[in-house]
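First the structure, in the form of structure tokens, and then the observations on it.
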Amino acid sequence: MLRTLLERLSRGRVVRRRLPPEFGGLPLFVSPDASLKLWRRDLRRADPLLFALAAELVLPGAAIWDVGANVGLFALAASFRAGPAGSVLAVEPDAWLAALIERSIRSLPAHCAPVSVLSAAISDAPGTAEFAIAARGRATSHLASVGGSTQSGGARTLRQVPVETLDGLLARFPAPRLLKLDVEGAEGRCLAGAGRLLAEVRPAMLCEVAEENAAAVGGIFAAHGYLLFDAEVAAPERRPIARPVWNTLALPSERAAEVSEPG
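Our numbering puts the first residue of the sequence shown at 61, with every later residue one more than the last.
Here it is in structure tokens:
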């Protein structure tokens, strides 16, 4: 009952927070309508793994793509880490959340990488699609055709959104060294539209993988010579795994040594 009440109170609410000090304490606008954990003032407690991986994997001068950017925690942390020689692309199909990212980046200081925001879904072919805004936290909103997770609580509304492919984005944005992919069950479709990206650009990929998609996602990565690691395991202890897990770090085989290198 309490959670339901908090979710109702969170609808449309926007609060101002700051990134952890190691990311410059950058101010940003977030909403507990995306996730109740964003009521917390200390964002590091809200998503410690996300910030740890940003600190480890984002290098100065790098181009970063954050696909499924939500309120922009990873995108803004990456902006600080990449610095003015880098770039960040934040892709978020929920236009309301994308607008929060736009609001946050207006005050980015000069020592941060510029952030571009694209409000679109990613799949295996360009076009348009129905996008379900989750009845519960908007972070679990999803392409209607993939069903989403049980955490979404169903759909509060359906909206038509533009759809791009990862390969298609290469014509418009700097090719990424690192790509974070959090697309609520559409990860297989996203990778199916990323043949050129995986074969030629070969970014490191930080990917949430639902169990029902693990075989398909693992097959795509294997076909392109990627090694898989559990991102929740500390870098010095990481070893290749045979099958994707919920938080998967995928590295092209020629970059596999990076799992033990300092960020």
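Using N, Cα and C, we set each Cβ at its ideal position, and we do this for glycine too.
DSSP state of Trp306 mapped onto helix, strand, coil: If you number the sequence shown from 1, residue 306 lands on position 246. Residue state, collapsed to three classes: coil.
For Gly187, the three-state DSSP class (helix, strand or coil): As a working mapping, residue 187 is identified with position 127 in the sequence shown. Taken through DSSP and simplified to helix, strand or coil, Gly187 comes out as strand.
Contact check, Glu257 vs Asp227, beta carbons under 8 angstroms: As a working note, residue 257 is residue 197 in the sequence shown. As a working note, residue 227 is residue 167 in the sequence shown. Inspection of the sequence shows that residue 257 is occupied by Leu rather than by Glu. The Cβ-Cβ distance between Leu257 and Asp227 falls below 8 angstroms.
Alpha carbon of Gln220 to alpha carbon of Pro296, nearest angstrom: Along the sequence shown, read from residue 1 onward, the residue named residue 220 stands at position 160. Along the sequence shown, read from residue 1 onward, the residue named residue 296 stands at position 236. Each residue's alpha carbon lies about 44 angstroms from the other.
Buried or exposed by the 16-neighbour rule on C-beta atoms within 10 Å, applied to Gly285: For this step, residue 285 is matched to residue 225 along the sequence shown. Exposed, since its Cβ has fewer than 16 Cβ neighbours within 10 Å.
Selection from Ala122, Gly128 and Arg78 that minimises the alpha carbon distance to Arg105: For this step, residue 105 is matched to residue 45 along the sequence shown. For Arg105, the nearest C-alpha among the options comes from Arg78.
Selected residue, minimal CA-CA separation from Thr210, among Gly197, Pro120, Glu224 and Pro222: Sequence index remark: in the sequence shown, residue 210 carries index 150 (1-based). Checked all of Gly197, Pro120, Glu224 and Pro222; the closest Cα to Thr210 is Gly197.
Other residues of its chain near Gly202: CB distance less than 8 angstroms, five sequence neighbours each side excluded: For the purposes of this step, residue 202 is identified with residue 142 of the sequence shown, where counting begins at 1. The sequence given here places His at residue 202; Gly does not occur at that position. Within the same chain, Phe191, Ala192, Ala194, Gly208, Ser209, Ser212, Val243, Glu244, Gly245 and Ala246 come within 8 angstroms of His202 by CB-CB distance, once the 5 residues on both sides are set aside.
Ranges of the alpha helix (DSSP H) found wholly within the stretch 224 to 269, counting only runs of at least 4: 226 to 229 and 247 to 252
Cβ-based neighbour list, Leu110, same chain, cut-off 7 angstroms, excluding 5 preceding and 5 following: In the sequence shown, the residue the question calls residue 110 occupies position 50. Taken in chain order, the residues that qualify are Leu133 and Phe134.
Whole-angstrom C-beta distance between Ser147 and Pro120, which should lie under 8 angstroms: Translated into the one-based positions of the sequence shown, residue 120 becomes position 60. Translated into the one-based positions of the sequence shown, residue 147 becomes position 87. Rounded, the Cβ-Cβ distance is 12 angstroms, inconsistent with contact.
Pro80 (DSSP reduced to helix, strand or coil): The residue labelled residue 80 in the question sits at position 20 within the sequence shown. Of the three classes helix, strand and coil, the one that applies to Pro80 here is coil, per DSSP.
Alpha-carbon to alpha-carbon, Pro300 and Glu116: Working through the sequence shown from its first residue, we reach residue 116 at position 56. Working through the sequence shown from its first residue, we reach residue 300 at position 240. Taking the straight line joining both Cα atoms gives about 18 angstroms.
Candidates Pro169, Glu271, Ala138 and Gly128: closest to Ala114 by CA position: As a working mapping, residue 114 is identified with position 54 in the sequence shown. Selected option, being the one with the closest Cα: Ala138.
Own chain partners of Gly214 with C-beta closer than 6 angstroms, once the 5 adjacent residues on each side are dropped: Within the sequence shown, residue 214 is the residue found at index 154, counting from 1. Same-chain partners within the cutoff: Ala195.
For Val277, the first and last residue of its enclosing alpha helix (DSSP H): Numbered from 1 along the sequence shown, position 217 holds the residue referred to as residue 277. Its alpha helix (DSSP H) spans residues Ala274 to Ala283.
Arg262 versus Leu62: straight-line alpha-carbon distance, rounded: Residue numbering aside, residue 262 sits at position 202 when the sequence shown is read from its first letter. Residue numbering aside, residue 62 sits at position 2 when the sequence shown is read from its first letter. Roughly 45 angstroms separates the two Cα atoms.
Rounded separation between Pro322 and Arg315 - CA only: Residue mapping note: residue 322 aligns to position 262 of the sequence shown, counting from 1. Residue mapping note: residue 315 aligns to position 255 of the sequence shown, counting from 1. Here the model assigns Pro322 a pLDDT of 45, short of 50, so the residue's position is not dependable, and the following value carries that caveat. Spanning the two alpha carbons is a distance of roughly 14 angstroms.
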